[in-house]
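Here is the structure we will look at, set down as structure tokens.
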Amino acid sequence: LIADELGVPLNYFFCEDEESAELVVAISKLSIEKRRQLLQFIANMPEDAPLPK
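Residue numbers (UniProt numbering): 1 to 53.
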């Protein structure tokens, strides 16, 4: 697959913007436990909460 040759997950090619593509690549490098933690963090984050810098 082209994705394998480029070292990116397949869904990278379906991202609509650069930020989404960067997220896909970063998330693909996380362990399953870290992915679960990230999902939990996102689920609990208020929509209007400022992001940490």
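Even glycine gets a Cβ: it sits at the ideal position worked out from N, Cα and C.
Going by the CB atoms, is the gap between residue j and residue i shorter than 9 Å?
i     : j     : result
Leu1  : Leu10 : yes
Leu38 : Leu51 : no
Taking the alpha helix (DSSP H) that residue i belongs to, which residues open and close that run?
i     : result
Glu22 : 18-28
Ala49 : That residue, Ala49, is in no alpha helix (DSSP H); it is neither H nor E in DSSP.
Lys10 : Checking the sequence, you will find Leu at residue 10 rather than Lys. Where Leu10 is concerned, there is no enclosing alpha helix (DSSP H), given that its DSSP letter is neither H nor E.
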